[in-house]
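What follows is one structure encoded as structure tokens, with my remarks underneath.
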Amino acid sequence: MNVLRKILFPFAILYGIITSIRNFLFDIGVLKSTSFNIPVIAVGNLSVGGTGKSPQIEYLIRLLQDDYRVATLSRGYKRESEGYILADANASAKTIGDEPFQYFQKFKKAQVAVDTSRKNGIEQLLSQKIKPQLILLDDAYQHRKVKAGFYILLTSYGDLYADDFMLPTGNLRESRSGAARANVVIVTKCPETLSQKEQNQIQSRLKLTNEQELFFTAIAYDDQVYSGKEQLRVTDIAGKEKLLLAGIAKPQPFFAYLQAANDVTMVYPDHHHFTEKDITDIKNKAENKIIITTEKDYVRLKGSILEEQLYYLPIKSAFLNREGDFMKKIKNYVGESTRNS
Numbered sequence: 000m001n002v003l004r005k006i007l008f009p010f011a012i013l014y015g016i017i018t019s020i021r022n023f024l025f026d027i028g029v030l031k032s033t034s035f036n037i038p039v040i041a042v043g044n045l046s047v048g049g050t051g052k053s054p055q056i057e058y059l060i061r062l063l064q065d066d067y068r069v070a071t072l073s074r075g076y077k078r079e080s081e082g083y084i085l086a087d088a089n090a091s092a093k094t095i096g097d098e099p100f101q102y103f104q105k106f107k108k109a110q111v112a113v114d115t116s117r118k119n120g121i122e123q124l125l126s127q128k129i130k131p132q133l134i135l136l137d138d139a140y141q142h143r144k145v146k147a148g149f150y151i152l153l154t155s156y157g158d159l160y161a162d163d164f165m166l167p168t169g170n171l172r173e174s175r176s177g178a179a180r181a182n183v184v185i186v187t188k189c190p191e192t193l194s195q196k197e198q199n200q201i202q203s204r205l206k207l208t209n210e211q212e213l214f215f216t217a218i219a220y221d222d223q224v225y226s227g228k229e230q231l232r233v234t235d236i237a238g239k240e241k242l243l244l245a246g247i248a249k250p251q252p253f254f255a256y257l258q259a260a261n262d263v264t265m266v267y268p269d270h271h272h273f274t275e276k277d278i279t280d281i282k283n284k285a286e287n288k289i290i291i292t293t294e295k296d297y298v299r300l301k302g303s304i305l306e307e308q309l310y311y312l313p314i315k316s317a318f319l320n321r322e323g324d325f326m327k328k329i330k331n332y333v334g335e336s337t338r339n340s
């Protein structure tokens, strides 16, 4: 923790009080939450960024899309548009945001919508002639104007909410007590070798209730990188000089998976909007090398002058154990909620 963050500790206490009062008012019904008569699953975190929400949303889409009409609803962070938008052939990373556009391109069965008001977004989705049968709310754990039927809370292995502080001293958006709203807590970005003993120790630190279940996942990197025209095996390009580019929170594991001794790396802020100057700088630095970036960055850079040498590395969320229990829990909730509706 740097000195400035320590100096701002009184503001962290004030921020914690404000968010706790807000949550209390929602809990007792003074501030109103709206429920909907279809399954709604909210995925989010207590901290700011970097917990792996996108891979988890994609996991849920894969799990459910063959049995239900699935819709995702995000706010569309850093998009150049306003209001409710349902993705169609005219959609781009600029109009709906990079992560929703990524979902839209990958999952043709799913509807992808954005709206800063999740309540309005759900109402718009349900006003369609062909309505979704379930909705996945992306990064909506603090969006309490909608009451989801099921909450999945993510916390990163290297930055557990139990060890964190409120903003601006730490990275928490709300008090650790907010974890009590979760049906399931997932510790993400774990080492694949995480032992059962270590898992038990983390469970003890998180202090979950008897009703909550804890799961552990790792980031599974693809063994190939992809462009608009071809795919290359990671092992085949391991020794080739390349430029690695990331505009995501906590990009170190991405670099570690791909980087060789002579590779060049470039780092930009999370959800960075690449300007023409940025793209020219990347082109000049890459020279004739291939450029490998994250899938989220690729959707923002596709179509630029980099396209001929640009590749992306997909990732997935991989459960360390008990994946069947997680799948059963989600499918039971969706199935029961669908029957009740």
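Per numbering that gives the first Met the number 0, residue 0 is the first one in the sequence shown, and the count goes up by one each step.
C-beta atoms are modelled at their ideal positions from N, C-alpha and C, and glycine is treated no differently.
- If one requires a minimum length of 3 residues, the beta strand (DSSP E) runs lying completely within the segment 281-315 are 289-293, 309-312, in chain order.
- For Asp-137, the secondary structure class from DSSP, reduced to helix, strand or coil, is strand.
- Each of Lys-282, Ala-70, Leu-319, Tyr-156 was checked against the Cα of Asp-114, and the nearest Cα belongs to Ala-70.
- Distance between Arg-68 and Leu-135, taken at the CA atoms: about 11 Å.
- In the DSSP assignment, Val-69 falls within the unbroken beta strand (DSSP E) covering 69-73.
- Between Glu-191 and Leu-319, the C-beta gap is smaller than 8 Å, which places the two residues in contact.
- Annotated three-state conformation of Gly-15 is helix, per DSSP.
- For Met-326, the enclosing alpha helix (DSSP H) stretches over residues 322-339.
- Distances from the CA of Tyr-310 to each of Tyr-297, Ile-201, Leu-152, Tyr-332 were compared; the closest alpha carbon is that of Tyr-297.
- The beta carbons of Pro-99 and Ala-88 sit no closer together than 8 Å.
- For Glu-197, the enclosing alpha helix (DSSP H) begins and ends at 195-205.
- For Thr-234, the secondary structure class from DSSP, reduced to helix, strand or coil, is helix.
- Note that the segment 137-156 touches the segment 39-58; at least 3 beta-carbon pairs, one per stretch, sit closer than 8 Å.
- By the Cβ neighbour-count rule, Ile-20 is exposed, with fewer than 16 other Cβ atoms within 10 Å of its own.
- Per DSSP, Leu-7 lies in no beta strand (DSSP E) and is assigned neither H nor E.
- The C-alpha of Lys-284 is placed about 42 Å away from the C-alpha of Tyr-14.
- With a cutoff of 8 Å on beta-carbon distance, Leu-243 and Thr-274 are scored as not near each other.
- Per DSSP, Ser-53 lies in no beta strand (DSSP E) segment; the continuous alpha helix (DSSP H) that holds it begins and ends at 52-63.
- Within the model, the alpha-carbon separation for Arg-61 versus Gly-148 is close to 20 Å.
- Counting C-beta pairs closer than 8 Å gives fewer than three between the segment 321-336 and the segment 123-131, which falls short of the contact rule.
- Close CB contacts of Lys-146 within its chain, under the 6 Å cut and outside five residues either way in sequence, are with Ser-32, Ser-34 (chain order).
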